[in-house]
Amino acid sequence: MNAPRTRVQRRPVHGVLLLDKPLGFSSNDALQKAKWLLRAEKAGHTGTLDPMATGVLPLCFGAATKFSQLHLDADKSYDAVAQLGVRTASGDSEGEVIARCDVPAITPERLAQVQAQFTGEIVQVPPMHSALKKDGKALYEYARAGIEVEREPRRVRIFELQLSLVGPALLKIVARVSKGTYIRTLGEDIGAALGCGAHLVSLRRIATGPFDVNQCITLGELEALNESDRQARLLRVESLLPGHERVTLGPDDAGRFLSGLRRRGAWRDTEQAVVFGDAPRALLGTAHVKAGELIPTRLLSPIEIQQILGSEEPVPV
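My numbering puts the last residue of the sequence shown at 308; the count rises by one with no breaks.
And the structure:
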């Protein structure tokens, strides 16, 4: 008989945890484990990583979940290895082998040509084994049922690409890409360009936006920490807003801003502003500025601000 599961007393937790997602875990599995370890009331992630992928997975807690969608647009960097000469149904090692082909001799010159071919703006057809939805249903659900549906090609950008042979029929792919880029598809398309096909045997996200894998913690490392040290691993909520114009408001304007009112000032127009109060110094939310008018976009609640401050300082209301 299984022992009863320990009931966790949840608490308000606000911030961003940079997790090095383990192999074999879905993004949601990793999120739920971290949420349990932190005893957090509310959590979400900033876009999924496949179970076969490891690496940077920013997890958002509490107030940070309000800004998690903004991180979906961030550039991402990957380190992958593709097996040349073997194609699979899913484009990775978890899928059934559908074709084998001899691998031709690949010269450094040929590799450089293909690298140039796939650098810059390219067109990809999203893979069937993906979470992209068609008619309200994820493509992987159709794939599992043996159904292939038509997918619209999409334009993506490969900002940087490095290709190198690292073993017999093994190709290393290091790439920095725009949102919406499928690395499995990139590996398959590169394999096709080399005349032999390919599938990914490993995939690691090494950076997303301003976050690097060297900043990350594993679930095992997180579990080994005491509760206060786990809390100390959280980045501030505003770490999700690195490219935003910074605006600081005094107590009166801060209170009105938190009520959803527009404020007027000598601010330059911008689509992305992060707004702070100065007494006490606290994140209030995001906004955009048009014709000198600060217009609220996403706001923290006074309770969230108080919890983040962790003190008895009055919050502007």
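Just so it is clear, CB atoms sit at the ideal spot from N, CA and C, and this is done for glycine as well.
If we ignore side chains and look at the alpha-carbon of each, how far apart do residue i and residue j end up?
i           : j           : result
residue 3   : residue 114 : 43 Å
residue 25  : residue 8   : 9 Å
residue 36  : residue 213 : 17 Å
residue 295 : residue 31  : 13 Å
residue 306 : residue 276 : The predicted position of residue 306 is uncertain, since its pLDDT is 42 and thus under 50; no value can be drawn from it.
residue 245 : residue 63  : 28 Å
residue 105 : residue 118 : 21 Å
residue 196 : residue 44  : 7 Å
residue 308 : residue 207 : Its pLDDT being 40, under 50, residue 308 is placed unreliably by the model, and the measurement read from it follows with that caveat. Distance between the alpha carbons of residue 308 and residue 207 is about 36 Å.
residue 87  : residue 135 : 12 Å
residue 256 : residue 149 : 39 Å
residue 170 : residue 90  : 30 Å
residue 50  : residue 93  : 42 Å
residue 156 : residue 70  : 13 Å
residue 95  : residue 175 : 21 Å
residue 73  : residue 154 : 10 Å
residue 188 : residue 103 : 17 Å
residue 201 : residue 61  : 13 Å
residue 274 : residue 39  : 27 Å
residue 254 : residue 235 : 18 Å
residue 151 : residue 252 : 43 Å
residue 143 : residue 80  : 19 Å
residue 199 : residue 110 : 19 Å
residue 183 : residue 190 : 10 Å
residue 56  : residue 225 : 13 Å
From the beta carbon of residue i, is the nearest beta carbon of chain B less than 8 Å away?
i           : result
residue 215 : Given the protein chain composition of this structure (a single chain), no chain B is represented.
Start and end of the alpha helix (DSSP H) containing residue i?
i           : result
residue 54  : Run containing residue 54: none; DSSP gives neither H nor E here.
residue 176 : 174 to 184
residue 220 : 218 to 223
residue 213 : 210 to 215
residue 103 : 99 to 108
For the beta strand (DSSP E) containing residue i, name the first residue and the last one.
i           : result
residue 309 : An answer regarding residue 309 cannot be provided, because it is not within the stretch -8 to 308 covered by the chain.
residue 293 : Careful: residue 293 lies outside any beta strand (DSSP E), inside the alpha helix (DSSP H) at 293 to 300.
residue 6   : 6 to 12
residue 193 : 189 to 199
Residues bridged to residue i by DSSP?
i           : result
residue 30  : Residue 30 is not bridged to any residue.
residue 144 : Partner(s): none; residue 144 has no beta bridge.
residue 162 : 73 and 156
residue 115 : 145
residue 93  : Its beta-bridge partners do not exist; DSSP assigns none.
residue 289 : 277
residue 171 : Answer is none; residue 171 lacks a bridge partner.
residue 202 : 199
residue 284 : 255 and 281
residue 2   : 31
residue 83  : 191
residue 67  : 168 and 199
residue 36  : 50
residue 25  : Paired residue(s): none; residue 25 is not in a bridge.
Since residue i and residue j are thought to touch, with beta carbons under 8 Å apart, how far apart are those beta carbons, to the nearest angstrom?
i           : j           : result
residue 228 : residue 54  : 5 Å
residue 238 : residue 259 : Their Cβ separation, rounded to whole angstroms, is 10 Å, which puts residue 238 and residue 259 out of contact at 8 Å.
residue 146 : residue 66  : No, residue 146 and residue 66 are not in contact; Cβ-Cβ is about 15 Å, not under 8 Å.
residue 289 : residue 58  : 6 Å
residue 300 : residue 160 : At roughly 57 Å, the Cβ-Cβ gap does not stay under 8 Å, so residue 300 and residue 160 are not in contact.
residue 268 : residue 233 : Going by Cβ atoms, the distance from residue 268 to residue 233 rounds to 20 Å, so no, they are not a contact pair.
If you measure from the CB of residue i, is any heavy atom of the ligand HEM nearer than 7 Å?
i           : result
residue 292 : As for the ligand HEM, it is missing from this structure, which has no ligand bound.
Continuous beta strand (DSSP E) assignments of at least 3 residues falling wholly in the segment 228 to 271: 236 to 240 and 261 to 269
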